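Numbering (the working numbering), first residue to last: 18 to 779. One structure below.
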């Protein structure tokens, strides 16, 4: 018998396949004396491993841990019901689920010692310290007919003191690429089950559970283990609040060129034309994929998709599900994720900082530190590929249509990790958020986020009036209510300032009642809760922060300047939106770039080499449990005050209409507020490595607010969403993106520095 310092026994014997290739079968068994490790209803069980014997002519094979499936086997059938993985040449030897026939001289009760080569192949697994039995309820079948050892939430936790390079080997020949994909995911899948409570290993880590993160996860899960980290409940994302729909060329009278032209015009000619072409061309296929996955969209009487029209669009091309499109897409994607055994969802995990290292002038990302808000534990996720799909920055302003989770965490983390940031001055204010001031029955408490009145209301014929019932949009733009959002928002802002009023009115009551209720049931229900019938009365509306057109600068495949870090959705700046986003292009962009990021992510996952010992080298975040409750209460209260002050500064000085003088005032005021807040924390015993949800959100809000102001000061023209009184016109020479490159001169503020120092990669 051979022990590995584990509370159990490994039994090993050689197995000769029909192709004359030797493999090793290992059974890990808990003896009855170890039954205390199991739950009361479990019998002693086995974990089956299949490892190929080292071959002198194929060195890479000695590095391939061919662990495929660990089944909860009964003590009487330890050799049955196992699925195995073989190299391509061996894959046809055994069918999926068929167990190999062991030599007659071997049995489940015999023990063999390992050869030296076998010990080398284990490469570190000898020091595993099992805390619990690994138990997989069902295998995850791939197209090749093999079952994966999937880490889904069913895995018990096992502590790792040392594991091998767990996700793939260096690249080999092209003919072995698919093999490498599978082997890489197998290694990581095994490692992700063999982890402790504070460190988790996955092939891919996705930060965010909106449309971009979920769609990406469903694709890469075919090639490896995936962790989705989400700040609140999985459905709580900007996607879930999107009312309008997805724009796509699905009508014969429409064209990709027309969609491109509408996008570029709305973006004030700052859009990247190649990006626009890619998104508008690939969009229809992405919508069809959603439908195939079970998303239900509205259809007309002819049975075809009902295509709506919104501001800035020249054709009806908005696929929608009443006025709750985002909710329907989120439902379909979450259901698919729930059915995917290779995806693990971690709710209420707040992403703190990316884990990076540097080598030869390049920065590499190997995962993220997070805070489990429910257990108050710092959890480290180690991965070869990280996708940021964390949404926008709406809560740097006092009124926003974004959910409470939109505090710019992804952009701030990326900036601290030295990613390139672009176009942060282009904050889109949705022109029509519901104004609680104008409702007959006011809400009992202040909303955490403003209720959105979709663009589609104006697209369906809604008319904007001031409180004297004077239509005003025809005085500002020939397109009237169908002008792009930046034009409509500035027009409303001008009306409010000139007239000293707090809201304007959006009227759709002249349309047939049945049509209004069919198209906008959610809006009608919300307004009726507050005593307003939209089929008979106009809706009080006011602009609110809605969408960040800038973000982490990304290429055509979602790649960033940080190796292993990809971005999709609102957190990314792909060049699609330019200086202003066209209505319903956001969900479209998220779908297209989530899909485009898949193949480069897989390639990176396969080729990269991760040393799991890195997990111990980055400093761990420190929880604030050492501080007294009274001190923590003071810090949280001070943080709430600082947050409201920051939001007030941003609205007053960095709002819809700006000036150089007001922007500079904002810069000074934010700097003073940030210094005052940090000094308050540190005087009360807060440490730079300490974490808490409120304080981490605050540092991200400070970071993003400063990026917006810095970008706005750098643009000496008025273009799209950025309108400044000092430079009120477009200038062709200024038609280029604003770019904030990483700097080696670290700012002194806490919000601008990562909690841990950047390491040197091996």
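C-beta atoms are modelled at their ideal positions from N, C-alpha and C, and glycine is treated no differently. Computed from a predicted structure; not experimentally measured.
- As summarised for the region 351–430, the continuous beta strand (DSSP E) elements at least 3 residues long and confined to that stretch are 360–363, 366–376, 379–389, 394–405, given in chain order.
- Counted as a single uninterrupted DSSP element, the beta strand (DSSP E) harbouring residue 556 occupies residues 556–565.
- Distance from the Cα of residue 615 is smallest, within the candidate group 217, 215, 221, for 221.
- Between the region 619–639 and the region 435–446 there are fewer than three inter-stretch CB-CB distances shorter than 8 Å, so the stretches are not counted as touching.
- In terms of Cα proximity to residue 769, the closest of 722, 469, 490 is 722.
- Excluding residues up to 5 positions away in sequence, 412, 413, 424, 425, 660, 663 lie with their Cβ nearer than 7 Å to the Cβ of residue 718 in the same chain.
- When DSSP states are grouped into helix, strand and coil, residue 216 belongs to the strand group.
- A direct Cα-to-Cα measurement between residue 331 and residue 276 gives close to 8 Å.
- Secondary structure note for residue 293: its alpha helix (DSSP H) is the uninterrupted segment 290–309.
- In the displayed model, residue 432 falls within a helix according to three-state DSSP.
- In this structure, 380 is the residue among 350, 380, 670 with its C-alpha nearest to the C-alpha of residue 775.
- Within the same chain, 258, 411, 447, 450, 466, 467, 468, 469, 561, 562, 563 come within 8 Å of residue 418 by CB-CB distance, once the 5 residues on both sides are set aside.
- Cβ contact annotation for residue 455 (same chain, cutoff 6 Å, sequence separation greater than five): 520, 557, in chain order.
- Distance between residue 741 and residue 229, taken at the CA atoms: about 33 Å.
- Looking at the backbone, the Cα of residue 720 and that of residue 595 are separated by about 22 Å.
- Counting other Cβ atoms within 10 Å of its Cβ, residue 279 reaches 16 or more and is therefore classed as buried.
- Note that the region 595–607 does not touch the region 638–656; fewer than 3 beta-carbon pairs, one per stretch, sit closer than 8 Å.
- The beta carbon of residue 752 sits closer than 8 Å to the beta carbons of 286, 287, 736 from its chain, once the five residues preceding and following it are set aside; these are given in chain order.
- For residue 348, the secondary structure class from DSSP, reduced to helix, strand or coil, is helix.
- The region 394–403 makes contact with the region 623–637: 3 or more CB pairs, one atom from each, lie closer than 8 Å.
- Contact between residue 651 and residue 701 is confirmed by a C-beta separation of about 6 Å, below the 8 Å threshold.
- Between residue 431 and residue 223, the gap from beta carbon to beta carbon reaches 9 Å or more.
- If you compare the alpha carbons of 353, 271, 293 with that of residue 309, the shortest gap goes to 353.
- Boundaries of the alpha helix (DSSP H) around residue 658: 646–670.
- Closest in C-alpha terms to residue 215, from the list 668, 392, 319, 641, comes 392.
- DSSP, read as helix, strand or coil, puts residue 618 in helix.
- In this structure, the straight-line span from the alpha carbon of residue 525 to that of residue 536 is close to 11 Å.
- In the three-state reduction of the DSSP assignment, residue 698 falls in the helix class, which pools H, G and I.
- The beta carbon of residue 695 is closer than 6 Å to those of 767 in its chain, skipping five residues each way along the sequence.
- Out of 428, 299, 240, the CA that lies nearest to the CA of residue 574 is found in 299.
- Within the same chain, 442, 443, 596, 675, 729, 732 come within 8 Å of residue 739 by CB-CB distance, once the 5 residues on both sides are set aside.
- Checking the DSSP bridge columns, you'll see residue 570 partnered with 590.
- In this structure the region 328–342 touches the region 529–545; the number of beta carbon pairs closer than 8 Å is three or more.
- Apart from the 5 residues on each side of it in sequence, residue 317 sits with its Cβ closer than 6 Å to the Cβ of 323 in its chain, given in chain order.
- Within the same chain, Cβ atoms closer than 7 Å to the Cβ of residue 479 are found at 498, 523, 524, 525, the five residues on either side in sequence being excluded.
- Going by beta carbons, residue 373 and residue 771 fall inside the 9 Å limit.
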